[in-house]
Each structure stands twice: as C-alpha cells, then as structure tokens.
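Protein chains: 2
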Amino acid sequence: MTEKVFYLPKGFRYAGVHCGIKPNSPADKLDFALVVSDRPATAAGVYTQNLNCGAPVVYDRERTPGTGFIAIATDSGCANACTGRVGLFNARKMAEYAGEAVGATGDQTLVMSTGVIGVQLPMRAIAQGAEKAAAKLGARYHDFEKAATAIQTTDTRLKVVSREAKLPGGATIRLAAMCKGAAMIGPNMATMLATIVADAALEPNDAQTVLRAAVEDTFNCVSVEGHTSTSDTCILMANGAADPTPLKGADLQCFSNLLLDMCQELAPMIPNDGEGVTHLITIDVTGAPDRASAKLLAQTVANDALVKTAICGADPNWGRIVSATGRCGVPYDPMKVSLKVNGYLLYKDGVPQDFNKEEVSNSIRNNRNTSFELFFQEGDGKIRFWTSDLTQEYVHLNADYTT
Amino acid sequence: MTEKVFYLPKGFRYAGVHCGIKPNSPADKLDFALVVSDRPATAAGVYTQNLNCGAPVVYDRERTPGTGFIAIATDSGCANACTGRVGLFNARKMAEYAGEAVGATGDQTLVMSTGVIGVQLPMRAIAQGAEKAAAKLGARYHDFEKAATAIQTTDTRLKVVSREAKLPGGATIRLAAMCKGAAMIGPNMATMLATIVADAALEPNDAQTVLRAAVEDTFNCVSVEGHTSTSDTCILMANGAADPTPLKGADLQCFSNLLLDMCQELAPMIPNDGEGVTHLITIDVTGAPDRASAKLLAQTVANDALVKTAICGADPNWGRIVSATGRCGVPYDPMKVSLKVNGYLLYKDGVPQDFNKEEVSNSIRNNRNTSFELFFQEGDGKIRFWTSDLTQEYVHLNADYTT
Numbered sequence: 001m002t003e004k005v006f007y008l009p010k011g012f013r014y015a016g017v018h019c020g021i022k023p024n025s026p027a028d029k030l031d032f033a034l035v036v037s038d039r040p041a042t043a044a045g046v047y048t049q050n051l052n053c054g055a056p057v058v059y060d061r062e063r064t065p066g067t068g069f070i071a072i073a074t075d076s077g078c079a080n081a082c083t084g085r086v087g088l089f090n091a092r093k094m095a096e097y098a099g100e101a102v103g104a105t106g107d108q109t110l111v112m113s114t115g116v117i118g119v120q121l122p123m124r125a126i127a128q129g130a131e132k133a134a135a136k137l138g139a140r141y142h143d144f145e146k147a148a149t150a151i152q153t154t155d156t157r158l159k160v161v162s163r164e165a166k167l168p169g170g171a172t173i174r175l176a177a178m179c180k181g182a183a184m185i186g187p188n189m190a191t192m193l194a195t196i197v198a199d200a201a202l203e204p205n206d207a208q209t210v211l212r213a214a215v216e217d218t219f220n221c222v223s224v225e226g227h228t229s230t231s232d233t234c235i236l237m238a239n240g241a242a243d244p245t246p247l248k249g250a251d252l253q254c255f256s257n258l259l260l261d262m263c264q265e266l267a268p269m270i271p272n273d274g275e276g277v278t279h280l281i282t283i284d285v286t287g288a289p290d291r292a293s294a295k296l297l298a299q300t301v302a303n304d305a306l307v308k309t310a311i312c313g314a315d316p317n318w319g320r321i322v323s324a325t326g327r328c329g330v331p332y333d334p335m336k337v338s339l340k341v342n343g344y345l346l347y348k349d350g351v352p353q354d355f356n357k358e359e360v361s362n363s364i365r366n367n368r369n370t371s372f373e374l375f376f377q378e379g380d381g382k383i384r385f386w387t388s389d390l391t392q393e394y395v396h397l398n399a400d401y402t403t
Numbered sequence: 404m405t406e407k408v409f410y411l412p413k414g415f416r417y418a419g420v421h422c423g424i425k426p427n428s429p430a431d432k433l434d435f436a437l438v439v440s441d442r443p444a445t446a447a448g449v450y451t452q453n454l455n456c457g458a459p460v461v462y463d464r465e466r467t468p469g470t471g472f473i474a475i476a477t478d479s480g481c482a483n484a485c486t487g488r489v490g491l492f493n494a495r496k497m498a499e500y501a502g503e504a505v506g507a508t509g510d511q512t513l514v515m516s517t518g519v520i521g522v523q524l525p526m527r528a529i530a531q532g533a534e535k536a537a538a539k540l541g542a543r544y545h546d547f548e549k550a551a552t553a554i555q556t557t558d559t560r561l562k563v564v565s566r567e568a569k570l571p572g573g574a575t576i577r578l579a580a581m582c583k584g585a586a587m588i589g590p591n592m593a594t595m596l597a598t599i600v601a602d603a604a605l606e607p608n609d610a611q612t613v614l615r616a617a618v619e620d621t622f623n624c625v626s627v628e629g630h631t632s633t634s635d636t637c638i639l640m641a642n643g644a645a646d647p648t649p650l651k652g653a654d655l656q657c658f659s660n661l662l663l664d665m666c667q668e669l670a671p672m673i674p675n676d677g678e679g680v681t682h683l684i685t686i687d688v689t690g691a692p693d694r695a696s697a698k699l700l701a702q703t704v705a706n707d708a709l710v711k712t713a714i715c716g717a718d719p720n721w722g723r724i725v726s727a728t729g730r731c732g733v734p735y736d737p738m739k740v741s742l743k744v745n746g747y748l749l750y751k752d753g754v755p756q757d758f759n760k761e762e763v764s765n766s767i768r769n770n771r772n773t774s775f776e777l778f779f780q781e782g783d784g785k786i787r788f789w790t791s792d793l794t795q796e797y798v799h800l801n802a803d804y805t806t
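From first to last, the protein sequence lines are chains U and D.
Mapped onto my numbering, the consecutive letters of the first sequence carry residue numbers 1 to 403.
Mapped onto my numbering, the consecutive letters of the second sequence carry residue numbers 404 to 806.
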C-alpha cells in the first residue's frame with residue numbers, strides 16, 4: 001500500500017463523534033461532525049431544488065453567500081426534512097448548540113442533516129454531539145477522516161479529496177472536500193452533502209460563482225436513481241488562512257479551476273458507491289443541440305432502470321440506451337445517432353452494427369467502469385455524466401430502510 | 404371457478420401461432436397474431452412519442468385514422484425498432500405477407516412488433532406466421548385468447564377485456580381488447596401494444612378522438628419503470644358488423660364512455676403484471692394546479708425507485724413519496740400537502756402524523772394493491788395513475804434479457 005498525500009487547508013479543525021441520532025445505533029457509528037475555522041470565513045452554498053427541502057437547507061440558504069462563518073455542523077441519521085415548523089426551530093437550535101460549543105453564535109454556524117425523512121431531530125443527542133465533537137476537534141488527517149465518516153449514511157467508501165496549488169499571485173493554497181451519498185441521488189443542484197474547505201480568501205459573491213460553476217459540471221452530473229433529495233447541500237468555506245487577501249483575476253480563475261478539478265474527482269465517487277452498485281457508468285454525449293439537451297439526454301439514460309439493469313447483467317442490450325434517448329423530448333434525427341459501449345461501435349447513423357456480443361459482454365463484466373459514448377449531429381452540446389448500475393442489492397437495501 | 408362472460412364483437416376472427424421469431428424459441432411459444440375483420444373497418448391509432456419509434460409505428464401512423472382495414476398482424480420477439488431503412492422495408496413486407504394471406508392488400512393491414520430492439524425481423528418466419536395464422540383464423544374466445552397470447556413477451560398473465568352495451572339509438576354493440584406489456588412501460592402515449600376491436604361503425608376522425616381520449620386517462624397513466632418504449636401502439640378497429648351506420652351524438656358518447664371504462668380495466672393489468680411485481684400501486688392526486696401538473700406529480704412518484712422499493716419491502720417510508728413530489732418542478736406550498744397510504748393519514752399539511760408503523764406496514768405486506776392519496780391545495784388538477792413496485796426479481800429479469 002502507498003500512502004496518499006492529502007492536503008489539509010490551514011486554520012481548520014475537524015471532529016466526528018457518536019451521539020446516537022438513531023435510537024439503538026451502535027456506539028461506533030459516528031453520526032455528528034464539526035468543521036471549524038479558526039477565523040471568520042466566507043461561505044457559499046448550493047442546495048437542492050426539491051420543494052420539500054430539509055429545514056437545514058432553509059436555514060443555510062438564508063445565510064449564504066456570506067461572511068463571518070466559524071462552523072459547519074452535520075448529523076447523519078435524521079434528515080430533518082418534512083418536519084414542519086418544529087423542524088425549522090430544531091435546525092436553528094442545532095446551529096446554536098454547535099456554535100456555542102466552539103465559542104461562536106448560531107448565526108456563525110451552518111447545519112446539514114441527512115438520513116430518514118419525516119422524523120424530528122433528537123435534540124438531546126444533537127446537544128451532546130456538539131459538546132463531544134467540540135472537545136475532540138483536531139487538525140490532522142485523522143480528524144478530517146472522522147468528520148467525513150460521521151456525515152455518511154449507507155455509504156461504504158470514504159469520499160474525500162484535496163488539492164494544493166501555487167497561485168499566479170504567489171500564494172500557496174489548499175482545498176479539501178468530503179462528501180456523502182449513495183442513494184436518493186438525482187442531478188438537480190448539489191445532490192448530496194459536501195463540505196469543501198479552503199484556506200484562500202474569497203469574497204462571498206465570488207465564492208458563490210465558482211462553487212455554482214463547479215457543482216453544475218460535477219455534482220449536478222451524477223445520479224443513482226434520479227431522486228433529487230430533500231437535503232442536497234454543497235458548502236464551500238474559505239477562511240483566508242493561507243493569505244487573507246480575497247482572490248481576484250487570474251488567482252480567482254486558478255482557484256475556480258482547482259475547485260472544478262477537485263469536484264470532478266469527488267462527484268463520481270457517489271454513484272461509484274451507490275447502494276448495491278457493481279458498475280460506475282460514464283456517459284459522454286456530444287453533438288446535442290445544446291448543453292441543456294446534452295444533459296437531459298445523458299440524464300435520461302443515466303436514470304433508466306432498463307439500461308442500468310442491463311449493465312448489471314453485463315448485457316450489451318444497446319437498444320435500451322438508444323430508446324432512452326428517444327423518450328426525453330430532445331429533438332434529433334434518429335438516423336444520425338451513433339453509440340459506442342466500452343469503445344465498441346454498436347450503432348452507427350441509425351443502423352445496428354455487427355459486433356461480437358460475447359466480447360462486449362465480457363468487457364462490461366470484467367470492468368468496474370463502463371463507458372457509453374452517444375454521438376448526435378445536431379449542434380455543439382456536450383456533457384459528461386456519471387451513474388451506477390441497478391442491482392438486486394440496491395432493491396434489497398431500499399426495500400426496508402426505515403422498518 | 405366461475406366462467407367469466409366474454410363478449411366478442413361480430414365480424415372478427417383471430418389466430419395466434421408459433422413461427423419462430425426468436426431462434427430456438429420453444430414450439431409452444433406463440434409469437435404471431437392475426438386479427439381479421441370480415442369487412443373493411445375504420446382504424447385509429449395512438450403511438451409512442453419515442454423518437455426512435457419502431458418501423459411498424461412509422462407504417463401504421465401514416466395510415467391511421469383511416470378506413471378500409473382488414474387485418475392487424477403482430478409479432479412478439481422482435482420489435483423491428485432502431486433497424487434503419489431495412490426495418491421500414493420489412494414492416495411493409497410484413498403487412499403485405501399478412502394481407503395477402505387473408506385476401507387483402509398490405510395497405511389494408513396494420514402491423515405491430517414487440518421484443519428486442521435493434522434486430523431485423525426474420526422475414527421467413529414472418530411469412531410462415533402469416534400463412535399459418537391465416538389458416539387457423541376462428542371467431543371463438545379460444546381463438547381470441549390465442550391471439551392475445553401470441554402478442555405477449557415477458558407477460559405472465561393474459562390481458563383481455565370486453566364490453567357489451569345497448570346504445571341509446573337501439574343497436575347492441577360489443578368491444579373486446581387485448582394488450583401486452585410488462586416492462587419498458589412509461590406513460591407517454593400508448594405504452595404497450597393493444598388491439599381493440601368493436602362491431603360498431605365509426606367515422607375515422609371520431610374513432611381517433613374517442614381512442615385518444617380513452618388512452619390519455621388509461622394507458623398513458625400506467626408505468627412500470629417510466630421507459631416509453633419504441634413500439635407503443637394502441638389500435639382501435641371498428642367494423643360496423645353490429646350496425647353499419649357510423650355512431651353520432653349520444654351513441655358516440657356512449658361508445659366513448661364504454662371504451663374508456665374498458666381501458667380503465669385493461670390498463671392497470673400492465674403494471675400489475677410488471678416484471679417481478681408484487682404490488683400494484685394506485686396513485687390518486689387531487690388539488691394540483693391543473694391536470695398536467697397532477698400527472699407529472701403522480702408520474703414522478705410512480706417512477707421513483709426509492710418509492711417502489713419501499714413498497715416492495717412493505718416499508719411505510721412516506722418521506723420518499725413526499726420528497727418525490729417536490730423534485731418534479733410542479734410549484735406548490737409544501738405546508739399544504741397531505742398524504743394517505745392505504746387510507747392511513749401519514750402527513751397532514753406539511754406535518755408528520757403519528758401512526759402505527761407496524762399496522763401500516765402490514766396493510767402493505769398483506770395486500771396486492773397499495774393506495775397513495777396525495778392532497779394538494781393549489782387548484783382542481785387531479786389524476787389516477789397506476790404503477791408497480793420494484794423488486795429484486797425485476798432486476799434479475801432485466802439483467803440478462805438479450806444475452
């Protein structure tokens with residue numbers, strides 16, 4: 001095994017603890033995380049477009065983009081969504097508990113919750129979690145990993161990435177990110193929980209702009225079953241510990257590229273760890289009428305149960321892929337569509353191609369990654385989109401999640 | 404066992420035979436059906452909106468609504484979709500083979516194909532099927548059942564219905580319908596193959612109007628996994644054998660009601676026989692902004708893998724249902740949503756209700772039928788929609804359909 005270098009931004013501390021969000025959860029299930037900046041930081045956020053958004057989304061959305069933030073508190077096990085006014089009160093209370101535990105206020109604290117919908121937050125556990133996590137804050141990778149573990153639910157793999165770069169202006173900055181998500185993953189805004197920390201300084205509107213751009217091409221292009229959750233949240237916290245001067249011009253552009261690059265590594269980890277998943281599918285669409293059409297085409301294929309089950313079974317049933325593109329409402333000439341699966345040309349300009357079924361099937365069976373390339377001849381629209389296959393294990397896991 | 408009365412319209416004959424559409428298919432797998440009128444009939448059709456529609460859809464769509472039709476030929480095992488110009492040529496050839504076998508022309512014959520996408524029709528088998536079926540045509544229920552069996556693919560239950568009524572004008576008419584469909588079922592036009600025969604006389608435009616109205620509230624409101632297939636076709640053939648005068652006024656209205664009523668019985672048979680299905684879910688939406696919104700809300704819930712797996716597991720995880728409605732883009736006040744599952748009020752005006760989880764879970768586990776009632780307070784939009792649950796068996800069946 002080789003040790004992977006992980007860059008931690010300056011001026012942040014992390015903790016992940018068990019506080020018993022779910023009754024009877026084992027004592028080693030971490031379910032409360034704190035990320036704390038040692039100085040007031042700028043924060044930007046991108047949130048779910050689900051109308052029934054969780055109370056934490058309402059709370060955070062009102063406050064970002066903004067400045068003066070110290071902490072992000074996250075619980076896993078209870079989404080605090082579809083919980084009415086009590087839920088909104090509890091989200092604020094959670095921010096206050098966490099803020100006070102680290103010497104800040106509720107308004108300096110952002111909150112995220114993920115887990116079962118329609119259950120009120122266990123506020124005694126939340127209060128204990130805030131105290132316990134505040135006492136354990138640390139700045140090592142070990143602490144970051146604990147926090148990243150504590151925000152997860154049915155995830156089976158840790159999802160963390162980092163970057164370091166020397167900006168044109170001379171400063172060396174670092175970004176690190178953690179995220180969670182394995183189901184209820186549909187591409188409409190953040191589609192999961194993600195916390196990104198950076199030690200560069202950013203003005204709030206710039207933070208919002210670069211975050212939104214990065215999310216649009218990454219987290220908004222992943223899907224497990226297409227269900228945009230109530231709780232999707234992606235927050236970027238930039239504290240200027242590396243250099244207190246807000247980035248502008250070429251430095252800001254460099255930061256933006258770095259953020260996008262990092263999210264491109266992070267986002268596919270979600271469908272790759274989708275519940276019961278055996279294949280990560282990468283869908284490249286080119287030649288669509290425009291970007292929005294390319295996205296709709298890719299997304300329709302990505303969420304298609306027939307396509308996803310075929311890949312699960314290593315079945316090169318390409319007709320389902322082509323058929324899926326035809327049902328999404330994007331206009332195109334069916335006689336100008338071509339498709340490659342794992343590099344094999346199966347369909348060219350509306351005509352089925354001869355191919356060795358066994359060979360293509362083996363290429364699917366023997367690789368974790370499957371590639372679809374869909375070629376249209378309508379315009380410049382293109383996109384890369386990631387999804388998972390659909391397995392019996394996914395159904396098994398989701399058939400009794402609450403009971 | 405009680406014998407169910409089945410009404411067969413006058414002047415039609417039916418046959419279902421084996422001709423070997425799929426190589427190596429067992430000799431008892433019926434795969435070619437003929438429905439033949441003893442006099443020229445009016446025909447109307449409603450077809451898939453999938454851009455990559457099958458060649459038979461292209462062929463039929465050009466000809467309906469119209470008059471002078473004698474036969475409908477259907478094969479199961481090969482969809483003749485995504486097959487380019489060869490496919491179009493073969494669809495016409497299939498109409499000619501079938502027409503000639505019953506003493507008619509290709510233009511007097513409509514065709515339907517269902518099965519694997521992207522494979523060319525085996526024309527020798529088609530020619531043999533036409534000959535064989537023509538030799539076996541009969542007017543008994545037994546013959547109707549053979550034809551209804553021959554159009555099926557992965558269906559496990561026969562899907563046939565009939566009606567008889569005395570019209571206000573005095574004539575007694577009969578309608579009978581057969582359909583197939585168990586997967587690749589998404590609600591956008593016909594969503595399956597259905598053949599409806601009637602011995603009333605109808606003018607082509609009237610036939611088209613009443614058929615479209617019936618389909619919109621029935622076949623367009625069923626879903627298995629939301630994939631609108633390449634081949635969806637619903638054809639109504641009315642031959643006037645009961646009375647040659649085209650229906651008008653109250654008689655036409657009566658016919659329209661009868662057709663709708665019959666399709667309401669037939670359409671839910673599709674999701675109820677969905678691949679691997681253990682529950683038929685009926686979704687009633689009321690109070691939506693308008694009918695289109697009601698449909699989108701119901702459809703989003705109907706196609707949601709998380710909702711469908713929960714019902715498979717008899718898990719009253721209602722948060723997934725509410726969350727699904729919030730992600731479809733229909734605007735509504737989240738604090739004015741209520742939900743009943745199997746009659747139990749689980750969510751009222753945006754607030755979770757106390758309920759006995761075990762009791763609701765049992766009501767799901769112990770019944771084939773599950774009911775969702777979603778109440779909004781935005782307008783008069785309402786709809787009834789049917790779907791299936793999502794089971795491990797569905798995944799198993801679809802993981803290797805072609806290989």
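Even for Gly, the Cβ is constructed at its ideal location relative to N, Cα and C.
Please read these numbers as outputs of a predicted model, since none were measured by experiment.
Using a Cβ cut-off of 8 Å (strictly closer), state whether residue i contacts chain D.
i      : result
U:T230 : yes
U:W386 : no
U:V215 : no
U:E62  : no
U:C234 : no
U:H227 : yes
U:P352 : yes
U:Y7   : no
U:Y344 : no
U:R13  : no
Evaluate residue i with the Cβ neighbour count: other Cβ atoms within 10 Å of its Cβ, from every protein chain shown; 16 or more gives buried, anything less gives exposed.
i      : result
U:Y14  : buried
D:H545 : exposed
U:D380 : exposed
D:E762 : exposed
U:M192 : buried
D:N801 : buried
U:A27  : exposed
U:D354 : exposed
D:R723 : buried
D:K698 : buried
U:P187 : Residue confidence is low: U:P187 scores 43 on pLDDT, short of 50, so the model does not pin down where it sits. No coordinate-derived value is stated.
Express the C-alpha separation of residue j and residue i in angstroms, rounding to a whole number.
i      : j      : result
U:W386 : D:K539 : 52 Å
D:S726 : U:V337 : 35 Å
U:R212 : U:R63  : 16 Å
U:L374 : U:T286 : 6 Å
D:V460 : D:L524 : 14 Å
D:M363 : U:S229 : Residue 363 of chain D cannot be examined here, being either before or after the span of chain D that is shown, 404 to 806.
U:R140 : U:T370 : 36 Å
D:I684 : D:S791 : 6 Å
Compare the C-beta of residue i against all C-beta atoms of chain U and say whether one is closer than 8 Å.
i      : result
D:L709 : yes
D:N801 : yes
D:R771 : no
D:L793 : yes
D:G480 : no
D:I520 : yes
D:G716 : yes
D:S726 : yes
Output yes if chain B places a C-beta closer than 8 Å to the C-beta of residue i; else output no.
i      : result
U:Y347 : Looking at the structure shown, chain B is missing, and the protein chains on hand are U and D.
- What are the residues of the region 418-433 of chain D that lie near chain U, defined by any Cβ-Cβ distance shorter than 8 Å? For chain U, none of the residues of the region 418-433 of chain D brings a beta carbon within less than 8 Å of one of its beta carbons.
- Query: Mind listing which residues of the region 43-57 of chain U have their C-beta closer than 9 Å to chain D's C-betas, in chain order?
  - Reply: Listed by position along the chain: T48, Q49, N50, L51, N52, C53.
- Enumerated in chain order, which unbroken segments of the beta strand (DSSP E) with a length of 3 residues or greater are wholly contained in the region 629-707 of chain D? The region 629-707 of chain D contains these whole beta strand (DSSP E) runs: 636-641, 683-691.
- Item | Every unbroken alpha helix (DSSP H) inside the region 716-768 of chain D [4 residues or more] | Annotation: the region 716-768 of chain D contains the following complete segments of the alpha helix (DSSP H) (minimum length 4 residues), in chain order: 722-729, 760-768.
- Message: Please give me, in chain order, every unbroken run of the beta strand (DSSP E) with length at least 3 that falls completely inside the region 100-126 of chain U.
- Response: Qualifying beta strand (DSSP E) stretches, in chain order: 109-116.
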